[in-house]
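Single-structure report; data block below.
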Amino acid sequence: MNLTLKVWRQKDGASRGALETYAARDISPDASFLEMIDIVNEELIREGKDPIAFDNDCREGICGTCSLVVNGRAHGPQRNHTVCTLHMRHFKDGDVIVVEPWRSRAFPVIKDCVVDRAALDRLTAAGGYISVPTGSAVDANAILVPRDSAEKAMDAAACIGCGACVAACPNASVSLFLAAKISQLALLPQGQPERERRVKAMTALMKAEGFGNCSWERECEATCPKDIKIANISRMNREFLLAALSSAEH
Amino acid sequence: MNWLCEFMTSSIGKKLEVALFGFFLCMFLVVHLGGNLFLWAPAVGGDPGHWFNLYANTLESQFFITFAELGLAAVFLVHIAVTLWVQWENWKARPIGYTTTAWAGGRTISSASTIYTGVILLIFLIVHVRAMRFEERFGGQLYSHVLHELTGTPAAVFYLVCMAALGLHLSHGVQAAARTFGIDHPKFTPIIEKLGLAFAIVMAGSFGAIAVWGGWFAGGKP
Ligand code: HEM
Ligand code: FES
């Protein structure tokens with residue numbers, strides 16, 4: 004296949020970027036989207052030009068590193084997919100494909116299509132963990148977890164932290180990511196002791212990091228590669244309301 | 383008290399305020415529609431406005447009416463002020479937008495237009511309240527005043543456009559408010575979504591029907 008790429012190029016965070024046009028020639032329909040960019044980059048390198056910078060690691064949809072907005076959609080045209088597992092057979096010969104970075108005030112561009120997603124790590128560090136003294140693993144049956152809760156917690160824990168929910172949200176809200184991190188612990192006995200402190204600290208940081216507010220557009224849910232549901236955001240709101248009303252801490 | 387301030391200005395706290403005051407506004411719509419339906423009550427002694435005027439005069443002579451009006455104004459004010467604040471933050475959260483946008487299938491016309499239908503409703507509110515509440519009453523009677531305001535194509539079209547905006551606003555708003563309150567349940571959410579849509583259609587449809595009746599069929603001013 005032959006394609007025309009319009010890719011966001013930006014030298015660094017301080018420079019202004021713009022879309023630049025590249026030709027992608029002789030691409031196999033079986034190539035992945037990232038392999039297609041690899042091929043374009045090989046040619047750019049041969050021509051002595053700066054290759055397109057983009058984030059990726061596992062290339063099998065599990066690490067959450069890849070992060071491209073393709074034709075206006077985070078991770079590309081397939082629902083609940085990562086861009087690394089997107090294949091060129093989903094495009095037509097002669098297509099013009101626009102490739103841009105995640106856009107959010109909280110995700111500054113580092114170079115081209117690579118953004119700084121450290122805000123997600125800071126959110127997790129604000130409370131997305133349980134504090135327990137380490138030691139030998141406790142007996143698996145010492146704490147009983149109802150199957151239903153375990154399933155829901157596991158669904159939330161499937162989040163790979165790619166940030167596509169932020170990129171896809173018309174408000175650049177991080178609610179789905181945050182709700183997944185809060186839910187996976189709120190649903191389990193181990194998460195109970197720090198429950199109130201967790202939701203308060205994490206939602207406060209969400210605001211401070213400059214993310215938007217959730218208005219239930221559901222674009223995050225339709226985009227999330229791990230199909231995490233907005234029911235988690237409702238759970239986060241319940242956790243938040245209960246924590247605000249019942250915790251004695253100021 | 384510090385915690386209260388923090389709660390009220392937090393991201394979810396603000397959404398809870400929007401949802402709560404939006405819910406109050408929905409209650410107001412029900413009461414308002416109930417009152418307006420007196421416009422269609424049967425004539426008494428050849429006076430088609432008998433019941434409506436009786437209802438309006440009774441309401442207006444209650445001692446609490448001023449407090450109720452101020453309370454209602456406050457509810458509108460909070461809903462509007464907090465939504466504008468929330469929306470402003472949402473716009474600020476993406477200073478550089480995408481050159482190409484396509485939606486993944488979550489967004490609907492009504493969810494995407496909430497702020498715009500809200501602004502239409504704000505304009506409507508100003509025009510409507512000025513006309514119905516603050517203008518000199520036609521002949522001292524509310525019924526004939528209402529007909530005077532509603533009659534004619536320009537008024538009817540204005541009211542219909544605004545009621546379409548109301549319907550769109552509510553068809554996203556009601557289910558969004560439920561989710562904001564933390565209500566999401568496999569049994570109840572589908573029901574809430576349908577009820578929300580039904581509420582939006584009934585409200586926009588009923589007020590719209592009054593506008594059609596007043597605009598073209600009630601025989602008001604020539
Ligand atoms: C008849 C009057 C109105 C009613 C019954 C009403 C009702 C509602 C309801 C129930 C919601 C859902 C709350 C939520 O998202 O959780 C909502 C949202 C909203 N309303 Fe209204 N509203 C009215 C007037 C207005 C006006 C005049 C404005 C603006 C000038 C406005 C702006 C908004 C906005 C922007 C949202 C969405 C907030 C967000 O998504 O973050 N509304 N409304
Ligand atoms: S590169 Fe690991 S999920 Fe895409």
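Heads up: the sequence lines are chains L and V, in that order. Those letters in the first sequence? Residues 4 to 253, by the working numbering. Those letters in the second sequence? Residues 383 to 604, by the working numbering. Note that the Cβ used here is the ideal one computed from N, Cα and C, for glycine as well.
For residue 424 of chain V, none of the residues of chain L pass the 8 angstroms Cβ criterion, the least Cβ distance being about 44 angstroms. Out of L:77, L:241, L:111, L:151, the CA that lies nearest to the CA of residue 224 of chain L is found in L:77. Comparing alpha carbon positions, the residue from L:80, L:155, L:71, L:82 closest to residue 115 of chain L is L:71. The contact set of residue 493 of chain V on chain L, defined by CB atoms closer than 8 angstroms, consists of 218, 219, 220, 221 in chain order. Taking the Cβ atoms as the reference, residue 483 of chain V lies roughly 10 angstroms from residue 101 of chain L, outside the contact range of under 8 angstroms. Taking C-beta separations shorter than 7 angstroms and ignoring five residues to either side along the sequence, the partners of residue 25 of chain L in its chain run 8, 10, 43, following chain order. Note on geometry: alpha-carbon atoms of residue 211 of chain L and residue 99 of chain L lie some 38 angstroms from one another. Here residue 23 of chain L is exposed. Its C-beta has fewer than 16 other C-beta atoms within 10 Å.
With a contact defined as Cβ atoms closer than 8 angstroms, residue 552 of chain V and residue 582 of chain V qualify at about 4 angstroms. Taking residue 188 of chain L as the centre and dropping the five residues before and after it, the same chain places the C-beta of 194 closer than 6 angstroms to its C-beta, in chain order. A direct Cα-Cα distance of roughly 20 angstroms separates residue 423 of chain V from residue 586 of chain V. Its chain contains 529 as the residues whose beta carbon lies nearer than 6 angstroms to that of residue 600 of chain V, once the 5 sequence neighbours on both sides are disregarded; these appear in chain order. Counting along the chain, the unbroken alpha helix (DSSP H) around residue 203 of chain L starts and ends at 198–211. Annotation for residue 478 of chain V: no alpha helix (DSSP H) segment contains it, and DSSP assigns it neither H nor E. Within the region 67–130 of chain L, the runs of beta strand (DSSP E) at least 3 residues long that lie entirely inside it are, in chain order, 99–103, 112–114. Linking residue 105 of chain L to residue 177 of chain L through their CA atoms gives a straight-line distance of about 12 angstroms. For residue 191 of chain L, same chain residues with a beta-carbon under 7 angstroms away, outside a window of 5 residues either side, are 148, 152, 156 in chain order. Residues of the region 13–43 of chain L whose Cβ lies closer than 9 angstroms to any Cβ of chain V, in chain order: 20, 22. With 16 or more other CB atoms across the displayed protein chains lying within 10 angstroms of its CB, residue 203 of chain L is buried. Neighbours of residue 572 of chain V in chain L, taken as residues at a C-beta separation under 9 angstroms, are lacking, since the least C-beta distance is about 12 angstroms. Taken from the Cβ of residue 69 of chain L, at least one heavy atom of the ligand FES lies inside 8 angstroms. For residue 499 of chain V, the enclosing alpha helix (DSSP H) has its first and last residue at 496–511.
Taking each of L:96, L:103, L:232 in turn and checking the Cα distance to residue 86 of chain L, the smallest one comes out for L:103. Proximity of the region 135–146 of chain L to the region 446–459 of chain V falls short of the contact definition, fewer than three beta-carbon pairs being nearer than 8 angstroms.
Residues of chain V whose Cβ lies closer than 8 angstroms to the Cβ of residue 175 of chain L are, in chain order, 472, 475, 476. The Cβ atoms of residue 91 of chain L and residue 54 of chain L do not sit closer than 9 angstroms to each other.
Under the 8 angstroms Cβ criterion, the region 483–492 of chain V does not count as touching the region 383–393 of chain V, having fewer than three qualifying pairs. Placement of the Cβ of residue 80 of chain L at a distance of 8 angstroms or more from every heavy atom of the ligand FES is found.
At least 9 angstroms separates the CB of residue 433 of chain V from every CB of chain L.
Partner residues in the beta bridge of residue 429 of chain V, as assigned by DSSP, are V:426. Rounded to the nearest angstrom, the Cβ distance from residue 107 of chain L to residue 476 of chain V is 6 angstroms, consistent with a contact under 8 angstroms.
For residue 468 of chain V, the C-beta contacts it makes with chain L under 8 angstroms involve 216, 218, in order along the chain. In terms of Cα proximity to residue 512 of chain V, the closest of V:440, V:534, V:592, V:527 is V:527. Straight across, the Cα-Cα distance linking residue 124 of chain L with residue 496 of chain V is about 32 angstroms. Look at residue 168 of chain L: its beta carbon is at least 8 angstroms from all of the heavy atoms in the ligand FES. The beta-carbon of residue 8 of chain L is placed no less than 9 angstroms from the nearest beta-carbon of chain V.
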